[in-house]
């Protein structure tokens, strides 16, 4: 009984998915009889003793293909197409829980290819491309809008700063003029006092 790892190509042609769209899915699985676990090895001996490697491969392949078909029927094309990891994980987990009873471990399972004859996947791709382009145009428009807002805000700050500066200049100018007028008044007052004192001296001389 072979204990080496076997690579299996699991193909499910034209299987109807959850919403009735037929697609073809190809998966790749690696399986092996678990010789390190006594219970699994005993189960494998019971199932496959006297069978050739090709016969064991065929049994494992049919089991995996059945689970692959079942998972396809429970998911939409969009789910399978957009989330291959989710699909692969589902097939791996369900197949593993079944094959373990035969002493076979599923080492790995990967969704390799998705095809359809109805043009559905192509339409999905075109729709996604159109959405990406639309999102890009919206992004560009939003970027231009945001740039315009930032520019307007900067201009507002500049004008406000200039206005504040002008106000400070005007205030300083006004304070200077008021102070200068006060000095001038003081000078004129002192001058008048001096002239009056002089005139009084002349009169009483």
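In UniProt numbering, the protein residues as written are 1 to 205.
For glycine and all other residues, C-beta sits at the position ideal for the given N, C-alpha and C.
From a predicted model like this one, the values you see are computed outputs, not experimental measurements.
CA nearest to the CA of residue i, picked from the options
i, options, result
"residue 217", "188, 192 and 56", "The first residue shown for the chain is 1 and the last is 205, placing residue 217 beyond what the model contains."
"residue 115", "179, 184 and 13", "13"
"residue 8", "18, 16, 19 and 59", "59"
"residue 32", "5, 16, 17 and 15", "5"
"residue 79", "194, 19, 176 and 140", "19"
First through last residue of the alpha helix (DSSP H) which encompasses residue i
i, result
"residue 41", "38-48"
"residue 94", "84-99"
Nearest-angstrom Cβ-Cβ length linking residue i and residue j, presumed shorter than 8 angstroms
i, j, result
"residue 29", "residue 109", "5 angstroms"
"residue 77", "residue 21", "5 angstroms"
"residue 23", "residue 64", "Not a contact, Cβ separation roughly 17 angstroms."
"residue 67", "residue 98", "7 angstroms"
"residue 91", "residue 27", "7 angstroms"
For residue i, the residue or residues it bridges with in DSSP
i, result
"residue 72", "The partner list for residue 72 (beta bridge, DSSP) is empty, contrary to what the question assumes."
"residue 32", "105"
"residue 12", "25"
"residue 113", "26"
"residue 7", "30"
Extent of the continuous beta strand (DSSP E) to which residue i belongs
i, result
"residue 2", "It is not in any beta strand (DSSP E) - residue 2 carries neither H nor E in the DSSP assignment."
"residue 118", "Per DSSP, residue 118 belongs to no beta strand (DSSP E) and is neither H nor E."
"residue 19", "It is not in any beta strand (DSSP E) - residue 19 carries neither H nor E in the DSSP assignment."
*the region 43-50 touching the region 105-123, judged by at least three CB pairs closer than 8 angstroms*: With a cut-off of 8 angstroms on Cβ pairs, the region 43-50 is not in contact with the region 105-123, counting fewer than three such pairs.
*Taking contact to mean at least 3 C-beta pairs separated by less than 8 angstroms, is the region 62-75 in contact with the region 87-95?*
Contact holds: three or more Cβ-Cβ distances are below 8 angstroms.
*asked:* I want to know whether the region 94-108 touches the region 24-41 - three or more CB-CB distances under 8 angstroms.
replied: Contact between the region 94-108 and the region 24-41 is present, with at least three C-beta pairs closer than 8 angstroms.
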